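Trainee: Take this structure, written in C-alpha cells, and hold onto it; I'll ask about it next.
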Amino acid sequence: MPLDAHIPSGPIEQKWQKNKFDLKLVNPANKRKYRIIVVGTGLAGGAAAATLGELGYEVLNFCFQDTPRRAHSIAAQGGINAAKNYQGDGDSVQRLFYDTIKGGDFRAREANVYRLAEVSANIIDQCVAQGVPFAREYGGALSNRSFGGALVSRTFYARGQTGQQLLLGAYQALQRQVAAGTVKQFVRTEMLELIVVEGRARGIVVRDLVTGKISSYVGDAVVLGTGGYGNVFYLSTNAKGSNATAIWRAHRKGAFFANPCYTQIHPTCIPKSGEYQSKLTLMSESLRNDGRVWVPKSAGDKRSPDQIPESDRDYYLERIYPTYGNLAPRDISSRQAKNVCDEGRGVGPGGLGVYLDFRDAFKRLGRKVMDERYGNLFEMYERITGEDPHDVPMRIYPAVHYTMGGLWVDYNLMSNLPGLFVGGEANFSDHGANRLGASALMQGLADGYFVLPATVGDYLARGGFAKIDTSHPAVRDAEREVNERTKQLMSIGGKKSADQLHRELGNVMWTDCGMARTKESLTHALSVIPELREKFYRELRVTGSGAELNQQLEQAGRVADFFELAELLCYDALQRNESCGGHFRVEYQTPDGEAQRNDAEYAYVAAWEFKGVGATPVLNKEPLVFENIHLAQRSYK
Amino acid sequence: MRITLDIWRQKNPRDPGRFERFEVPNINEHMSFLEMLDVLNQQLVSEGKEPVAFDSDCREGICGMCGFLINGEAHGPLRNATVCQTHMRHFKDGDVLRLEPWRAAAFPVLRDLIVDRSALDRIIASGGYTSTRTGSAAEANQILVSKPYADKAMEAAACIGCGACVASCPNAAAALFTGAKIAHLAHLPQGQPERMARALSMTSQAHAEGFGHCTTIGECEAVCPAGIKLEVISMMNKDVIKATLGGRASEMQTLAALPPSAAMRFFESEPPKKEQ
Chain R
9 MPLDAHIPSG
19 PIEQKWQKNK
29 FDLKLVNPAN
39 KRKYRIIVVG
49 TGLAGGAAAA
59 TLGELGYEVL
69 NFCFQDTPRR
79 AHSIAAQGGI
89 NAAKNYQGDG
99 DSVQRLFYDT
109 IKGGDFRARE
119 ANVYRLAEVS
129 ANIIDQCVAQ
139 GVPFAREYGG
149 ALSNRSFGGA
159 LVSRTFYARG
169 QTGQQLLLGA
179 YQALQRQVAA
189 GTVKQFVRTE
199 MLELIVVEGR
209 ARGIVVRDLV
219 TGKISSYVGD
229 AVVLGTGGYG
239 NVFYLSTNAK
249 GSNATAIWRA
259 HRKGAFFANP
269 CYTQIHPTCI
279 PKSGEYQSKL
289 TLMSESLRND
299 GRVWVPKSAG
309 DKRSPDQIPE
319 SDRDYYLERI
329 YPTYGNLAPR
339 DISSRQAKNV
349 CDEGRGVGPG
359 GLGVYLDFRD
369 AFKRLGRKVM
379 DERYGNLFEM
389 YERITGEDPH
399 DVPMRIYPAV
409 HYTMGGLWVD
419 YNLMSNLPGL
429 FVGGEANFSD
439 HGANRLGASA
449 LMQGLADGYF
459 VLPATVGDYL
469 ARGGFAKIDT
479 SHPAVRDAER
489 EVNERTKQLM
499 SIGGKKSADQ
509 LHRELGNVMW
519 TDCGMARTKE
529 SLTHALSVIP
539 ELREKFYREL
549 RVTGSGAELN
559 QQLEQAGRVA
569 DFFELAELLC
579 YDALQRNESC
589 GGHFRVEYQT
599 PDGEAQRNDA
609 EYAYVAAWEF
619 KGVGATPVLN
629 KEPLVFENIH
639 LAQRSYK
Chain V
205 MRITLDIWRQ
215 KNPRDPGRFE
225 RFEVPNINEH
235 MSFLEMLDVL
245 NQQLVSEGKE
255 PVAFDSDCRE
265 GICGMCGFLI
275 NGEAHGPLRN
285 ATVCQTHMRH
295 FKDGDVLRLE
305 PWRAAAFPVL
315 RDLIVDRSAL
325 DRIIASGGYT
335 STRTGSAAEA
345 NQILVSKPYA
355 DKAMEAAACI
365 GCGACVASCP
375 NAAAALFTGA
385 KIAHLAHLPQ
395 GQPERMARAL
405 SMTSQAHAEG
415 FGHCTTIGEC
425 EAVCPAGIKL
435 EVISMMNKDV
445 IKATLGGRAS
455 EMQTLAALPP
465 SAAMRFFESE
475 PPKKEQ
C-alpha cells in the first residue's frame with residue numbers, strides 16, 4: 009500500500025505555517041456537534057483533550073488510572089528542550105532541528121522534526137502561563153541546563169520532576185475543561201478495541217475497571233495518546249501499568265506500526281537487584297552533566313570505589329568521546345556501558361553496573377548547589393539502594409526506557425486509518441532511531457497543544473462520514489470480540505499469573521533483541537516467542553471474574569498483546585540490516601564499534617501491516633528524503 | 205526475612221470487609237513493599253486464591269497512585285516516601301503488619317486496598333488552574349519570577365495527589381492537598397488574577413466533597429511523601445479570609461468569576477470554623 013506522508017510543499021521553514029493555512033476550519037457553531045474520543049491523559053493525550061475541549065468540541069477522555077494526573081509522563085525527570093536561545097549560546101530552531109535529526113541517526117522525517125523545533129518555544133510560553141514552576145535564575149528569568157547530544161543549554165526544568173510539573177499543567181487545563189463541560193472524563197476505563205466503520209476510526213470499546221462492564225463510545229475521530237511499548241521487555245523504566253493495548257488493537261484493525269525495533273535503552277538506571285524486581289528506576293540523564301562515568305581499568309577489580317586511585321579508573325566516555333564526554337547520546341552511552349561490563353569491568357552485584365561519580369562535582373560546586381540541582385534524585389537513589397550518593401558513587405546500568413517506534417502517522421499525525429490520530433510516544437514520528445534527552449516532553453506537548461488540535465479539526469471539516477450510534481453492527485462486532493477475548497483469558501485455568509509469563513517473554517526480548525541484536529538472536533527469538541505465546545494460553549490463570557475489579561484480568565489482556573507485539577519487534581529488527589541509534593545489529597558496526605548505517609538501502613520508515621496472529625506481517629516502506637540535512641556518520645568524538 | 209500481614213479484604217464498595225492474615229516467607233530486604241505484595245499475590249494466584257488488590261503505577265514515588273496504611277501510618281514508617289519507595293530493609297524479621305486502605309468518607313473503598321479518590325480531581329476542577337488559552341501565552345521571559353517565589357511555588361506544586369494527608373487526618377481534611385495547589389499558584393504572578401476566586405471555590409468544593417475541617421494537627425505534613433509544608437494551609441486560610449472579607453467590590457469580582465454552583469455552595473455550607 010502506498011504511504012503518503014502528506015508533507016506540505018515549499019521550503020522547510022514555511023511548511024507548518026503553510027499547512028496551518030491550508031487546514032480547513034470547523035465553523036465555531038458546529039464544533040460542539042463533533043465528538044472526539046481521546047485515549048490517554050499524558051502530555052500528548054491530556055494536552056490534546058484540554059485544547060480540543062477549549063476549542064469547543066465535545067471530548068471524551070479515557071485513562072486506565074484513577075485520575076488523569078497519574079499518566080506516565082509524570083515520571084519524566086530531566087527537562088524539556090526548546091529553541092529559546094536564552095543562554096545566547098548559539099541555539100536556534102535550525103540547530104534544535106539538526107540535533108534532533110542527527111541524534112535520531114538520520115531516521116526521522118525532516119518536516120515533522122522541523123515543526124517540532126519550531127513550536128518548542130511556544131510550549132515553554134504556554135507552560136509558564138499555566139504556572140509551571142520552572143527553575144529560575146536570581147534575576148527571575150528561566151534557567152536552562154544542558155542535556156545529552158547537544159552542545160547548547162536548551163533544557164528547561166523543574167527540579168528533577170519536570171514531567172510531573174508539565175503533566176500537572178496539562179491536567180489542570182484538562183480539569184478546567186471538565187468543569188466547563190466540554191470534556192467528559194472516564195477514569196479507570198481501559199480501551200480494549202478500536203471501532204472501524206467504512207474504513208474510518210469511529211470509536212472504542214472500553215472496560216470499566218471497577219465494575220467490569222464492557223461498553224462502547226462512538227464519535228467522529230479517535231486520538232490515541234497512550235504511550236510506548238517498553239514493557240514488552242517486562243523490566244523497563246515504564247510504569248507498571250504502561251501497556252501497548254490501545255495501539256496494538258488499532259494495529260490489528262489496520263493501522264500500520266512503524267519502526268517497532270527502535271527502542272531506547274537508557275544508560276543511567278539503577279541496576280536490577282533481584283528476580284522479584286517489578287520495574288527499573290531511571291536516574292535522570294541530567295546527572296551526567298556533573299557526574300563522571302567510570303569503571304576500574306582492569307577486569308575483576310573488587311576494591312571499593314574509594315580505594316581505587318585515579319590512575320586505575322577508566323572514565324571511558326570521556327576517553328572515547330572527548331568532545332561530548334559524559335554527555336554522549338543515550339544509545340552510545342548504553343552500548344559502551346554494556347561493552348565495559350562484557351569485558352568483566354562492571355561493578356556491583358553480578359558485574360552489571362558502572363559508576364556515576366559526583367566526587368569532583370561536590371568539590372567544585374559544593375553540596376548546596378549540587379543538592380539544589382539533584383537533591384530529589386540523590387534521595388530517590390538512597391531510598392532504593394540504601395546507599396548515599398554523597399558518600400559513594402552511584403551504580404548505574406542501562407535499561408529499556410522509551411520506544412521511538414509506534415503507529416505510523418502522516419505529517420498531520422493521522423494514521424493510515426482515516427480518523428485515527430496518534431500523538432506522543434504512541435506514534436513513531438519525530439525521534440528517528442534514537443530520542444535525545446528532554447525531547448519526549450517536547451514532542452508530547454507539541455503534538456497535544458499545537459498539532460493535533462489543528463489537524464483533527466481539518467479532518468472533521470472535510471467531512472464525508474455520517475453520524476453513527478452504538479447500535480451500529482460494527483460496534484456490536486467489536487464488543488463481541490472483546491467479550492470473547494475476556495472469556496478466553498478467564499477460562500484457561502492454568503497455574504501461572506500473567507506477570508510470571510510476561511517475565512519469561514521479557515527475558516527473551518532483553519537477551520535476543522536488547523542492546524545488541526544479531527541475525528541469530530532474532531531468528532531465535534522469532535522461534536521462541538510463538539512457543540511462549542502458546543504457553544501463555546495454556547498456563548495462564550486469571551482468578552475471580554470479569555464482572556468486578558480484577559487486576560489479574562487487566563494484566564492478562566495487556567500481556568496477551570505484548571506477546572504479539574514482541575514478534576513484530578523482532579521481525580522489524582531482523583529486516584533492518586544496519587545499525588542505527590537504538591537498533592544495534594552486531595554485524596553492522598564500524599571498525600571502532602559504532603553503529604554502521606546503510607543509507608542506500610535502509611533510509612526508510614518500516615511500516616508494518618498486520619496479517620493475523622502468527623502470520624508474517626507485511627512491510628510497507630516510506631522513503632525518507634533528506635533535503636535540508638546532509639546525511640553523515642554520527643560523531644560525538 | 206518473614207513477615208505476617210493482616211490485610212483488609214473487601215470485595216466491593218458494598219461488602220462490609222474484614223482482615224485476613226497472610227504469611228510471606230523468604231523476603232529479600234531489597235524488595236520494595238509493593239514487590240513483596242507482588243510475591244504474595246503470585247503465590248495466591250498459583251493456589252487459585254484471590255490476590256490482594258492494590259493501586260500502583262510508576263513505582264518510583266511520583267505518580268501518587270499507590271498508598272495504604274501500614275500499622276496505621278500512611279505509606280508506612282519511612283518519612284518522605286510513598287509505599288512503593290519503601291523497601292523491606294526498613295522492617296524486621298517477624299514483624300506483623302496491618303495493611304488498610306485510606307479511611308475517609310470522601311474516599312469510598314472500591315476493593316481491598318483500593319479507594320476512589322476522584323473527589324481530589326473535582327477540587328482541582330473547581331479552580332486549581334490558571335485560565336489561559338492554548339497558544340495565547342506571552343513570551344515566557346516576559347514574566348519574571350524571583351527565585352525565592354519560584355522555589356516556594358515548586359515546593360507546593362510537588363504534591364503527588366496520593367491522599368495520604370486525608371488518610372492521616374483525624375478530620376479527614378483535604379487541607380494540605382487543597383492548600384498546596386492554592387499556594388503553588390498564589391506564589392506566582394500567573395496565579396494572581398484568579399487568586400481569591402480560586403481560594404473560595406476550591407475550599408468550598410472540598411467541603412462539598414465531605415472532607416473535614418483542618419484543626420492544624422499536622423499529621424498530614426508528617427506523612428506527606430512529597431514534603432508539602434503545613435504553611436500552605438496558612439496561605440490558603442489567609443486567602444479565604446481575604447476573599448470573604450475583602451470588601452464589596454472585590455467580593456463581587458470574586459463571585460462573578462466563580463461558577464454559580466461553587467459560589468452558592470460556599471454560602472450554603474457552614475463557614476470554616478476557627479479552632480481554639
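Protein chains in written order, with the working numbering: chain R, 9 to 645; chain V, 205 to 480.
Built from N, CA and C at the ideal position, the CB exists for glycine as well.
Only a predicted model underlies this, so the values are computations on that prediction, with no experimental measurement involved.
Does the CB of V/Asn-232 have a neighbour CB from chain R at under 8 Å?
Mentor: Start at 1 with the first residue of the second sequence, and residue 232 of chain V comes out as number 28. It does; some Cβ of chain R falls within 8 Å.
Trainee: Which residues mark the beginning and the end of the alpha helix (DSSP H) in which R/Ile-132 is found?
Mentor: Reading the first sequence from its first residue, position 124 is the one you call residue 132 of chain R. Taken as a continuous stretch (DSSP letters only), the alpha helix (DSSP H) holding R/Ile-132 covers 118 to 138.
Trainee: Alpha carbon to alpha carbon, how far is R/Ser-643 from R/Lys-346? Give it in angstroms, no decimals.
Mentor: Residue mapping note: residue 346 of chain R aligns to position 338 of the first sequence, counting from 1. Residue mapping note: residue 643 of chain R aligns to position 635 of the first sequence, counting from 1. If I take the Cα positions, the gap works out to 19 Å.
Trainee: Just how far apart, CA to CA, sit V/Val-313 and V/Gly-276?
Mentor: Here the question's residue 313 of chain V lines up with position 109 in the second sequence. Here the question's residue 276 of chain V lines up with position 72 in the second sequence. One C-alpha to the other measures close to 16 Å.
Trainee: Classify V/Gly-332 as buried or exposed, calling it buried when 16 or more other Cβ atoms lie within 10 Å of its own Cβ.
Mentor: Here residue 332 of chain V refers to the residue found at position 128 of the second sequence. Buried is the call here.
Trainee: Under a three-way DSSP split, which group does R/Val-195 fall into?
Mentor: Along the first sequence, read from residue 1 onward, the residue named residue 195 of chain R stands at position 187. Three-state result, R/Val-195: coil.
Trainee: How big is the Cα-Cα spacing for R/Ser-281 and V/Val-300?
Mentor: By one-based count along the first sequence, residue 281 of chain R stands at place 273. By one-based count along the second sequence, residue 300 of chain V stands at place 96. Computed Cα separation, rounded: 25 Å.
Trainee: Here's the rule: buried if 16 or more other CB atoms are within 10 angstroms of the residue's CB, otherwise exposed. What is V/Asp-219?
Mentor: Taking the second sequence and counting its residues from 1, one reaches residue 219 of chain V at position 15. The residue is exposed, with fewer than 16 neighbouring Cβ atoms inside 10 Å.
Trainee: Express the C-alpha separation of R/Asp-455 and V/Lys-215 in angstroms, rounding to a whole number.
Mentor: If you number the second sequence from 1, residue 215 of chain V lands on position 11. If you number the first sequence from 1, residue 455 of chain R lands on position 447. Their backbone Cα atoms lie some 41 Å apart in a straight line.
Trainee: Mind pulling the chain R residues with CB within less than 8 Å of V/Gly-252?
Mentor: Start at 1 with the first residue of the second sequence, and residue 252 of chain V comes out as number 48. Arg-549, Thr-551, listed in chain order.
Trainee: Write down every uninterrupted run of the beta strand (DSSP E) in the region 287 to 355 of chain V whose length is 3 residues or greater and which is fully enclosed by it, in chain order.
Mentor: 300 to 304, 313 to 315
Trainee: With a threshold of 16 other CB atoms inside 10 Å of the CB of R/Pro-481, please say whether the residue is buried or exposed.
Mentor: Counting from one through the first sequence, the residue named residue 481 of chain R turns up at place 473. It counts as exposed.
Trainee: With DSSP run on the structure shown, which of helix, strand or coil describes R/Leu-548?
Mentor: As a working mapping, residue 548 of chain R is identified with position 540 in the first sequence. The answer is strand: DSSP assigns R/Leu-548 an E or B state.
Trainee: Between R/Arg-144 and chain V, is there a C-beta pair that is closer than 8 Å?
Mentor: Start at 1 with the first residue of the first sequence, and residue 144 of chain R comes out as number 136. Judged by the 8 Å Cβ criterion, R/Arg-144 is in contact with chain V.
Trainee: Measuring straight from C-alpha to C-alpha, what distance separates R/Glu-380 and R/Glu-21?
Mentor: Numbered from 1 along the first sequence, position 372 holds the residue referred to as residue 380 of chain R. Numbered from 1 along the first sequence, position 13 holds the residue referred to as residue 21 of chain R. So the alpha carbons of these two residues sit roughly 39 Å apart.
Trainee: For R/Asn-69, write down the residues that DSSP places opposite it in a beta bridge.
Mentor: Sequence index remark: in the first sequence, residue 69 of chain R carries index 61 (1-based). DSSP lists R/Val-46, R/Gln-193 as partners of R/Asn-69.
Trainee: Which residue wins for smallest C-alpha separation from R/Thr-531, given the options R/Gly-148, R/Lys-504, R/Ala-581?
Mentor: To locate residue 531 of chain R, count along the first sequence from 1; it is residue 523. The candidate whose alpha carbon is nearest that of R/Thr-531 is R/Ala-581.
Trainee: Mind checking V/Ile-445: buried by the 16 CB within 10 Å criterion, or exposed?
Mentor: On the second sequence, residue 445 of chain V is found 241 positions in, with the first residue counted as 1. Flag for V/Ile-445 reads exposed.
Trainee: Could you check whether the Cβ of V/Arg-263 sits closer than 8 Å to any Cβ belonging to chain R?
Mentor: Taking the second sequence and counting its residues from 1, the one referred to as residue 263 of chain V is at position 59. Yes, V/Arg-263 lies at the interface with chain R (some Cβ there is under 8 Å from its Cβ).
Trainee: Can you give me the C-alpha to C-alpha distance between R/Arg-300 and R/Asn-515, rounded to a whole angstrom?
Mentor: To locate residue 300 of chain R, count along the first sequence from 1; it is residue 292. To locate residue 515 of chain R, count along the first sequence from 1; it is residue 507. In a straight line, the C-alpha of R/Arg-300 is about 30 Å away from that of R/Asn-515.
Trainee: Give the single residue among V/Pro-305, V/Ile-421, V/Asn-230 whose Cα lies nearest to the Cα of V/Arg-222.
Mentor: Translated into positions along the second sequence, residue 222 of chain V becomes position 18. Taking only the C-alpha atoms, the option nearest V/Arg-222 is V/Pro-305.
Trainee: Please list, in chain order, the chain R residues whose beta carbon lies closer than 8 Å to that of V/Val-300.
Mentor: Mapped onto the second sequence, residue 300 of chain V falls at position 96. The premise fails here: V/Val-300 is roughly 21 Å from chain R at the closest Cβ pair, so nothing lies under 8 Å.
Trainee: Can you tell me whether R/Cys-588 is helix, strand or coil according to DSSP?
Mentor: Start at 1 with the first residue of the first sequence, and residue 588 of chain R comes out as number 580. R/Cys-588: strand per DSSP, three-state reduction.
Trainee: Kindly list the residues whose CB is nearer than 6 Å to the CB of R/Ala-336, restricted to its own chain and excluding five residues on each side of it in sequence; keep chain order.
Mentor: If you number the first sequence from 1, residue 336 of chain R lands on position 328. If we look at R/Ala-336 and ignore the five residues flanking it on each side, its Cβ neighbours are Leu-325, Tyr-329, Tyr-644.
Trainee: Name the chain V residues whose beta carbon is nearer than 9 Å to that of R/Gly-282?
Mentor: Within the first sequence, residue 282 of chain R is the residue found at index 274, counting from 1. Those are Asn-232, His-234, Met-235, Glu-239, listed as they occur along chain V.
Trainee: Against chain R, with Cβ distances strictly below 8 Å, would V/Asp-242 count as a contact?
Mentor: For the purposes of this step, residue 242 of chain V is taken as residue 38 along the second sequence, with counting starting at 1. Answer yes: the Cβ-Cβ gap between V/Asp-242 and chain R drops below 8 Å somewhere.
Trainee: Note down, in chain order, each residue of its chain lying with its Cβ closer than 6 Å to the Cβ of R/Asn-251, except the 5 sequence neighbours on either side.
Mentor: By 1-based counting over the first sequence, the position of residue 251 of chain R is 243. Here the set comprises Arg-566.
Trainee: Let me know if R/Gly-555 comes out buried or exposed under the rule of 16 or more other beta-carbons within 10 Å of its beta-carbon.
Mentor: For this step, residue 555 of chain R is matched to residue 547 along the first sequence. Sequence inspection shows Ala at residue 555 of chain R; the Gly mentioned does not correspond to that position. Per the 10 Å Cβ criterion, exposed.
Trainee: Using Cβ-Cβ distances below 8 Å, what residues of the region 338 to 352 of chain V are close to chain R?
Mentor: Thr-338, Gly-339, Ser-340, Ala-341, Ala-342, Glu-343, Ala-344, Asn-345, Ile-347, Leu-348, Val-349, Ser-350, Lys-351
Trainee: Taking only beta-carbon positions, decide if R/Ile-255 is within less than 8 Å of chain V.
Mentor: By one-based count along the first sequence, residue 255 of chain R stands at place 247. Closer than 8 Å: no.
Trainee: Is it true that the CB of R/Leu-468 sits closer than 8 Å to the CB of R/Val-34?
Mentor: Locating residue 34 of chain R in the first sequence gives position 26, counting from the first residue. Locating residue 468 of chain R in the first sequence gives position 460, counting from the first residue. Contact flag set, yes.
Trainee: Are the region 395 to 412 of chain R and the region 165 to 179 of chain R touching, with three or more C-beta to C-beta distances below 8 Å?
Mentor: no
Trainee: If you follow the alpha helix (DSSP H) that R/Ile-392 is in, where does it begin and where does it stop?
Mentor: Locating residue 392 of chain R in the first sequence gives position 384, where the first residue counts as 1. Note, R/Ile-392: alpha helix (DSSP H), 367 to 393.
Trainee: Would you say R/Glu-556 faces chain V, with C-beta separation under 8 Å as the test?
Mentor: Working through the first sequence from its first residue, we reach residue 556 of chain R at position 548. Output row for R/Glu-556: interface = yes.
Trainee: Quick one: residues in its chain with C-beta nearer than 8 Å to the C-beta of R/Tyr-106, no 5 flanking neighbours on either side, listed in chain order?
Mentor: Position 98 of the first sequence holds residue 106 of chain R. Answer for R/Tyr-106: Ile-637, listed in chain order.
Trainee: Say yes only if the C-beta of R/Phe-436 is nearer than 7 Å to one or more non-hydrogen atoms of the ligand HEM, and no if none qualify.
Mentor: By its list of ligands, the structure shown contains no ligand whatsoever, and the ligand HEM lies outside what it can speak to.
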